[in-house]
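J.: The structure's right below; bear with me while I get my questions together.
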Amino acid sequence: MSTSRLRRWPLKAVAIMSLTAAVAACGGSTDTAEPAAGESAADKKVFIGFANFAEPESPVLKALDTGMRKEAEKRSWDLVVLNNDRDGPTAVSNAETMVAQGVTHAVEFQGDGKVAPQLMDTFNAANIPVIAIDIAHPGAHFFGINNVEAGRLSGLAGGNHAKENWDCKPDLVTLLENEASGDVALLRTEGILKGLKEACPDLPDDVIQRRNSPTTPDGAQGVARDILVSKPDAKNILALGGNDNMVIGTINAAEQLGRAGNVFGYGLGADLMLFGVDTPGLGGSTAFWYEGYAKEIFKLLDKIVAGEAPAVVDSPTDPNAHFNPACQFPNDQVKSIPSLDQRIEELYAGDAGSASAAEKYCPEGVETYGLKG
Amino acid sequence: MTSRPKPSATALLSPMATSLAFLAIVIVCGIVFAPSFLSVANLASVSSGIMAPAIILLVACLAMTGGVADLSLGSVLGLGGVVYATVLQLSESPLAGVAAAAAAGVAVGLFNSVLSVRFHIWPLIATLGMLVAARGLVSVISGGSSVAAYTPELSAALKTAIGPVPVVLVGVVVLAVLVGWIIRYTRWGNHLRAVGGDDVAARRAGIPANRMRMWLFVVVALVAALAGSLQVMRTGASAVNLGEGVELLVYGALLISGYRLAGGGRGSALSGLVCLFALELIRNIFRLRGLPLPLTDVLLGLTLIGAVSLDLVRGRVRRPLIAQPATG
Amino acid sequence: MSTSGIALTNRWARVSALAPRGHGATTLVLLLTWLALVVATGLRAPGFLSGQTVVAVAFNMAFVGIMVTGVGIVMMSGAEFDLSVGVTAVTSALIVAQLLVEGWSFPPAMLVAVLFGVLIGAANAWLVLWLGIHPIVATLGMMFLVSGVTRIFVDFVAIPRDSFLRQQAAGAWLGVPRVFWVMLVVFTIVGLVIRSTRPGRHLVAVGGNAQAARARGISPRRVQGVAFVLCGLCAGIAGLVLASQGDIVQSSLTAGTEFRVISILLLGGLALTGGRGRFSGVFASLLLLSTLPTAIVTWGVSSSWQPVIEGLVLAVALAVNSLREKKR
């Protein structure tokens with residue numbers, strides 16, 4: 001049997017089919033508004049460029065994506081959506097793409113503060129106002145979660161549990177973070193530590209095990225298992241981390257090791273908890289209400305487009321910055337609020353009021369951040 | 001093959017022709033589905049965005065002609081980037097940064113070459129370890145975050161354009177022609193092709209195959225590290241995942257343009273470049289259309305399988321049914 | 001070859017004398033290394049020598065171990081790797097989780113998930129053996145296809161806690177998690193079949209020398225095809241194990257999983273070209289590389305070093321592997 005006996009028909013078929021399919025996929029349908037090519041600059045139709053943090057795979061990014069599209073549609077503005085792929089350099093090239101496409105306003109969501117100056121140079125050169133989500137970009141309107149404060153809410157919830165039940169003496173505090181996520185991860189960790197110390201000022205540093213972890217459930221489980229094994233005598237365990245996945249992974253790891261009895265976890269982002277991932281031991285999670293982002297962003301855009309020229313506040317530590325309100329959300333109240341799809345429906349319906357997601361859905365009596373009143 | 005294809009059919013299936021056809025189809029799709037894609041600014045952005053991959057592709061062409069396929073290229077690009085950025089921050093001298101990145105590249109190249117050539121391990125496998133190790137080193141050096149290294153002058157210089165054509169694109173094309181010339185018309189290029197085509201025959205003809213391969217590993221890693229520092233100069237910061245997947249893009253383009261993983265093949269530097277450009281344009285069209293990026297993965301998968309089948313249709317891969325990598 | 005080359009050759013001859021002789025020796029060296037690691041870590045932190053560590057290491061071994069078994073069959077048969085095994089496992093896990101959410105009972109859901117693995121295995125076999133595409137390219141293409149398509153449709157699935165899968169598979173037997181026993185059973189059956197049955201010997205014969213096997217009336221294509229299908233089957237089972245471990249299955253695979261699988265096989269002494277090596281060695285290397293991350297935490301080394309160490313381990317494994325091949 002030699003090469004000459006290789007049947008060539010199926011080969012040709014596969015070659016042609018794959019290449020055709022590959023090329024045809026480029027033309028796949030999508031609901032992105034495509035700016036008309038021939039439009040002259042004089043029309044000055046509002047054209048928003050939105051670069052999302054990553055592929056909208058996770059519900060939070062999907063919610064943001066949906067919200068942006070719905071709000072743009074409502075105002076019949078053009079919108080182009082790009083993907084920063086969790087990567088600074090990609091964000092820079094996306095910024096160039098947006099400028100190239102002639103956007104009039106840019107909404108930038110990328111996690112790498114270090115490329116921000118470079119990115120802003122690109123936009124400034126084209127005189128495009130920018131709203132930067134979650135990460136400070138010098139000269140851009142900051143909008144979003146205060147990662148430090150959000151982390152603080154989770155740290156505080158965990159610290160308070162430790163205070164009430166363990167007299168501020170947990171045997172172990174696991175703190176997972178995903179280094180590849182850049183500044184977001186570092187700021188959240190900073191906040192978690194801040195909140196913890198607020199509740200338990202005398203908490204010794206050596207009970208806190210801070211570790212880099214993949215964002216996948218099995219990856220986080222592995223990292224958490226290894227930490228737990230390195231502290232075999234730890235009973236009262238506080239599980240914290242940069243997102244829900246890591247905290248739930250830690251609780252699952254403790255279950256695998258037969259040590260789930262005294263684990264208390266408090267998530268961050270509530271992206272999994274609000275989807276009904278009900279893990280015993282998960283006390284709650286700090287809800288970001290990402291689905292409400294687009295609404296708040298467009299309120300700001302309305303002002304800019306109307307020529308009100310709101311002052312640019314680019315620092316997330318400035319109290320005048322535009323924050324999306326966040327709040328602690330106890331696990332046992334998850335069932336009391338509508339599903340994400342319904343929440344999006346409610347928030348972006350044609351007759352929806354101006355109430356933010358946090359105002360609508362945060363329960364009574366929890367710690368909040370950025371909620372007025 | 002029992003029947004020889006007619007000359008016209010051969011021409012149609014030649015690497016350059018298929019590469020150009022591939023590019024043409026992509027461009028037509030772009031024009032139809034994303035009109036703004038043709039704008040000068042967009043094309044300039046795409047072409048300067050592929051600067052680093054294109055440079056790596058050219059040197060990977062050289063190496064592949066000599067039978068060296070280095071999987072660690074993307075990680076070495078990241079390593080070069082982070083070394084450049086770190087040294088730049090410490091010394092405030094871009095030159096020192098580039099020198100350090102080059103040194104890192106040479107060190108990695110030497111490691112790969114010793115492992116592969118001295119221990120007779122198929123290059124693709126020998127460099128697997130470095131793929132992971134160099135990526136790990138990026139995290140170790142940067143402490144797991146990105147490193148700022150914004151030098152406005154250098155960044156602006158890399159973005160200059162003559163009319164609508166970015167300077168870097170001109171540079172890359174000149175390099176491609178140069179690489180093509182080296183492979184086809186120089187003595188060294190001849191030796192290289194002999195080494196890639198048939199190791200034993202090359203050795204009998206007195207060509208120092210092993211020494212050439214060792215050089216190839218070092219040159220490839222060196223250039224990858226330099227491309228990494230160029231990339232950082234352009235974007236202003238190194239990221240932990242800088243260059244991740246570049247190896248797949250580059251080897252995908254080379255395979256589509258008719259190179260063979262086992263060494264040799266009949267692609268050319270220019271046809272490889274054309275394919276790389278086409279692949280990048282596909283990504284660009286996806287971005288402009290807001291299509292889900294996993295679809296790019298599906299596409300890359302289909303294109304890889306499709307391209308290699310096409311190569312087999314050309315009847316050039318005389319691979320026995322069971323793979324026998326060149327283990328020396 | 002130049003004089004310096006000859007001098008080097010002599011030096012390797014001396015180095016290669018240090019390389020373990022035979023495959024029993026590989027297993028022994030690996031087990032001794034493992035023992036040294038455990039003792040050293042135990043001395044440093046006495047708490048390390050506990051049932052907790054056993055459970056943690058058993059979990060580390062289970063999911064990866066089943067994939068190692070599958071790819072081991074493929075490697076043994078001389079068809080090199082299956083790079084798609086990880087994403088296939090993830091997709092199987094998502095399938096079983098989704099079906100359970102929709103209220104299916106466990107047996108049919110399990111069957112569908114495992115069948116999916118078999119299907120992907122068969123597709124790989126077709127691409128590699130019937131179309132003649134190089135296994136690395138074909139399975140890489142398949143990896144992109146499967147993961148891309150999956151990620152377009154699903155992000156994550158929460159597995160119901162009261163499902164049979166979570167209730168039963170998550171438990172322990174003799175203090176060791178059930179998923180570990182599943183892995184051990186799969187691993188042992190495959191190891192025994194390859195070592196002491198007729199089909200197993202055929203597999204080894206094909207991997208060792210396809211021409212000779214063909215002369216003895218064994219069809220390499222059929223044997224390797226079965227190997228790919230079995231590998232897909234293992235991926236399906238690995239998916240079930242993954243789904244049983246936690247509350248969520250996500251559509252992305254932890255980066256570097258495929259790499260770890262290949263490292264374990266090569267370190268365990270399976271020959272890259274197929275036909276040589278023992279599953280006992282693979283088990284020892286699985287044990288060693290699964291204990292390493294758990295031990296490393298106790299040593300207080302930054303986890304960023306882990307990929308660096310793993311990459312170097314693979315490089316050493318490759319070098320030893322090649323020295324052993326040279327002696328034949």
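These protein sequence lines are chains A, B and C, in that order.
In this text, residue positions in the first sequence follow the UniProt record's numbering: the first is 1, and each later residue adds one.
In this text, residue positions in the second sequence follow the UniProt record's numbering: the first is 1, and each later residue adds one.
In this text, residue positions in the third sequence follow the UniProt record's numbering: the first is 1, and each later residue adds one.
Cβ atoms here follow ideal geometry from the backbone N, Cα and C, with glycine treated the same way.
1) Can you tell me where the alpha helix (DSSP H) with residue 296 of chain C in it begins and where it stops?
2) Identify the residues that DSSP records as bridge partners of residue 177 of chain C: which are they?
3) Using the Cα positions of residue 271 of chain A and residue 244 of chain A, report the straight-line distance between them to the nearest angstrom.
4) Measuring only the C-alpha atoms, how far is residue 178 of chain C from residue 52 of chain C?
5) Residue range of the alpha helix (DSSP H) that residue 274 of chain A falls in?
6) What residues in the region 183-213 of chain C bring their beta carbon closer than 8 Å to a beta carbon of chain B?
7) May I ask you to list, following chain order, the residues of the region 190-213 of chain A that have a beta carbon less than 7 Å from some beta carbon of chain B?
8) Can you tell me where the beta strand (DSSP E) holding residue 241 of chain A begins and where it ends?
9) Go through its chain and collect everything with a Cβ distance to residue 307 of chain C's Cβ below 8 Å, but skip five positions before and after it.
10) Looking at residue 206 of chain C: is its Cβ nearer than 9 Å to the Cβ of residue 285 of chain C?
11) Evaluate residue 339 of chain A with the Cβ neighbour count: other Cβ atoms within 10 Å of its Cβ, from every protein chain shown; 16 or more gives buried, anything less gives exposed.
12) Would you say the region 193-210 of chain C touches the region 172-192 of chain A, given that touching needs at least three Cβ pairs under 8 Å?
13) Any Cβ of chain A within less than 9 Å of the Cβ of residue 329 of chain B?
14) Cα-Cα, which of A/132, A/125, A/267, A/305 is closest to residue 287 of chain A?
15) Nearest to residue 304 of chain A by CA position, among A/102, A/106, A/101, is which residue?
16) So is residue 100 of chain A in contact with chain B if we call contact Cβ pairs under 9 Å?
17) My assumption, with CB atoms under 8 Å, is that residue 192 of chain B sits in contact with residue 214 of chain B. Please give the rounded CB distance.
18) Pick helix, strand or coil for residue 244 of chain B, following the three-state DSSP scheme.
19) Any idea what DSSP makes of residue 78 of chain A, helix, strand or coil?
20) Closest Cβ-Cβ distance between residue 182 of chain A and chain B: below 9 Å?
21) Taking the alpha carbon of residue 306 of chain B as the reference point, which residue from B/258, B/286, B/59 has its own alpha carbon closest?
22) Return the chain-ordered list of same chain residues with a C-beta closer than 6 Å to the C-beta of residue 47 of chain B, the five sequence neighbours on each side being excluded.
23) Quick check on residue 173 of chain C: buried or exposed, where buried means 16 or more other Cβ atoms within 10 Å of its Cβ?
24) Near residue 37 of chain A, what residues of its chain come up, given a Cβ to Cβ distance below 6 Å and the 5 sequence neighbours on each side ignored?
25) Could you name the residues of the region 274-301 of chain C whose beta carbon sits closer than 8 Å to any beta carbon of chain A, in the order they occur along the chain?
26) Hey, how far is the Cα of residue 268 of chain C from the Cα of residue 281 of chain C?
27) Answer with buried or exposed for residue 156 of chain B, where buried requires no fewer than 16 other C-beta atoms within 10 angstroms of its C-beta.
28) Could you give the DSSP three-state label for residue 367 of chain A: helix, strand or coil?
29) Would you tell me roughly how many angstroms separate the C-alpha atoms of residue 278 of chain B and residue 81 of chain A, rounded to the nearest one?
30) Go ahead and label residue 188 of chain C buried or exposed: buried means 16 or more other beta carbons lie within 10 angstroms of its beta carbon, across all protein chains shown.
31) Is there contact here, the region 223-230 of chain C with the region 43-57 of chain C, by at least three beta-carbon pairs under 8 Å?
32) Pop quiz: residue 112 of chain C and residue 95 of chain C are said to be a contact at Cβ under 8 Å. What is the actual Cβ separation, rounded to whole angstroms?
33) Do we get a CB-CB distance below 9 Å when we pair residue 248 of chain C with the residues of chain A?
34) Is there a C-beta anywhere in chain C that falls below 9 Å from the one on residue 279 of chain A?
35) Who are the neighbours of residue 236 of chain A on chain C, taking C-beta pairs under 7 Å?
36) Give me the DSSP bridge partner(s) of residue 50 of chain A.
T.: For this structure:
1) The residue labelled residue 296 of chain C in the question sits at position 296 within the third sequence. That run of the alpha helix (DSSP H) goes 279-298.
2) What you label residue 177 of chain C is simply residue 177 of the third sequence in a count that begins at 1. In DSSP, residue 177 of chain C forms a bridge with C/172.
3) For the purposes of this step, residue 271 of chain A is identified with residue 271 of the first sequence, where counting begins at 1. For the purposes of this step, residue 244 of chain A is identified with residue 244 of the first sequence, where counting begins at 1. Residue 271 of chain A and residue 244 of chain A have their C-alpha atoms spaced approximately 7 Å apart.
4) For the purposes of this step, residue 178 of chain C is identified with residue 178 of the third sequence, where counting begins at 1. For the purposes of this step, residue 52 of chain C is identified with residue 52 of the third sequence, where counting begins at 1. Rounded to the nearest whole angstrom, the CA to CA distance from residue 178 of chain C to residue 52 of chain C is 15 Å.
5) Here residue 274 of chain A corresponds to residue number 274 of the first sequence, with the count starting at 1. First-last for residue 274 of chain A: undefined, no H or E at that position.
6) So the close ones are 206, 210.
7) Listed by position along the chain: 212.
8) The count along the first sequence starts at 1 and reaches residue 241 of chain A at position 241. In the DSSP assignment, residue 241 of chain A falls within the unbroken beta strand (DSSP E) covering 237-241.
9) For the purposes of this step, residue 307 of chain C is taken as residue 307 along the third sequence, with counting starting at 1. So the list reads 256, once near-sequence residues are dropped.
10) The count along the third sequence starts at 1 and reaches residue 206 of chain C at position 206. The count along the third sequence starts at 1 and reaches residue 285 of chain C at position 285. No, these two residues do not count as a Cβ contact at 9 Å.
11) One-based indexing of the first sequence puts residue 339 of chain A at position 339. By the neighbour-count rule (16 or more Cβ atoms within 10 Å), residue 339 of chain A is not buried but exposed.
12) Flag = no, the region 193-210 of chain C and the region 172-192 of chain A do not touch.
13) No answer is possible for residue 329 of chain B: it lies beyond the span of chain B, which begins at 1 and ends at 328.
14) For this step, residue 287 of chain A is matched to residue 287 along the first sequence. Residue 287 of chain A has its Cα closest to that of A/267, out of A/132, A/125, A/267, A/305.
15) Within the first sequence, residue 304 of chain A is the residue found at index 304, counting from 1. Looking at the Cα atoms, A/106 is the closest of the given residues.
16) Taking the first sequence and counting its residues from 1, one reaches residue 100 of chain A at position 100. Residue 100 of chain A counts as touching chain B.
17) If you number the second sequence from 1, residue 192 of chain B lands on position 192. If you number the second sequence from 1, residue 214 of chain B lands on position 214. Residue 192 of chain B to residue 214 of chain B, Cβ: 13 Å. No contact.
18) Position 244 of the second sequence, counting from 1, holds the residue named residue 244 of chain B. Here residue 244 of chain B sits in coil by DSSP.
19) The residue you call residue 78 of chain A lines up with position 78 of the first sequence. In the three-state reduction of the DSSP assignment, residue 78 of chain A falls in the strand class.
20) Taking the first residue of the first sequence as position 1, residue 182 of chain A is located at position 182. By this cut-off, residue 182 of chain A is an interface position.
21) Locating residue 306 of chain B in the second sequence gives position 306, counting from the first residue. Comparing Cα-Cα distances from residue 306 of chain B to each of B/258, B/286, B/59, the minimum goes to B/258.
22) In the second sequence, counting from the first residue as 1, residue 47 of chain B sits at position 47. Around residue 47 of chain B, the same chain offers 166, 169 as residues with beta carbons nearer than 6 Å, after the five sequence neighbours per side are excluded.
23) Locating residue 173 of chain C in the third sequence gives position 173, counting from the first residue. So residue 173 of chain C counts as exposed.
24) Along the first sequence, one-based indexing puts residue 37 of chain A at 37. Note on residue 37 of chain A: pLDDT 41, under 50, position unreliable in the model; no value is reported.
25) Correct list: 293, 294, 296, 297, 298.
26) Your numbering for residue 268 of chain C matches position 268 in the third sequence. Your numbering for residue 281 of chain C matches position 281 in the third sequence. Spanning the two alpha carbons is a distance of roughly 5 Å.
27) Start at 1 with the first residue of the second sequence, and residue 156 of chain B comes out as number 156. Label assigned to residue 156 of chain B: exposed.
28) Position 367 of the first sequence, counted from the start, is the residue given in the question as residue 367 of chain A. Of the three classes helix, strand and coil, the one that applies to residue 367 of chain A here is coil, per DSSP.
29) For the purposes of this step, residue 278 of chain B is taken as the residue at position 278 of the second sequence. For the purposes of this step, residue 81 of chain A is taken as the residue at position 81 of the first sequence. CA-to-CA, the gap between residue 278 of chain B and residue 81 of chain A works out to about 22 Å.
30) For the purposes of this step, residue 188 of chain C is taken as residue 188 along the third sequence, with counting starting at 1. Burial call: exposed.
31) No, because fewer than three Cβ pairs between the region 223-230 of chain C and the region 43-57 of chain C fall closer than 8 Å, the two stretches do not touch.
32) Here the question's residue 112 of chain C lines up with position 112 in the third sequence. Here the question's residue 95 of chain C lines up with position 95 in the third sequence. Yes, they are in contact, since the Cβ atoms of residue 112 of chain C and residue 95 of chain C sit about 6 Å apart, within 8 Å.
33) Counting from one through the third sequence, the residue named residue 248 of chain C turns up at place 248. A Cβ of chain A is located within less than 9 Å of the beta carbon of residue 248 of chain C.
34) Taking the first residue of the first sequence as position 1, residue 279 of chain A is located at position 279. By this cut-off, residue 279 of chain A is an interface position.
35) As a first step, residue 236 of chain A is located in the first sequence; it is residue number 236 there, counting from the start. Under the 7 Å cutoff, chain C gives no residues; its nearest Cβ is about 16 Å from residue 236 of chain A.
36) Taking the first sequence and counting its residues from 1, one reaches residue 50 of chain A at position 50. As DSSP reads the structure, residue 50 of chain A sits in a beta bridge with A/81, A/107.
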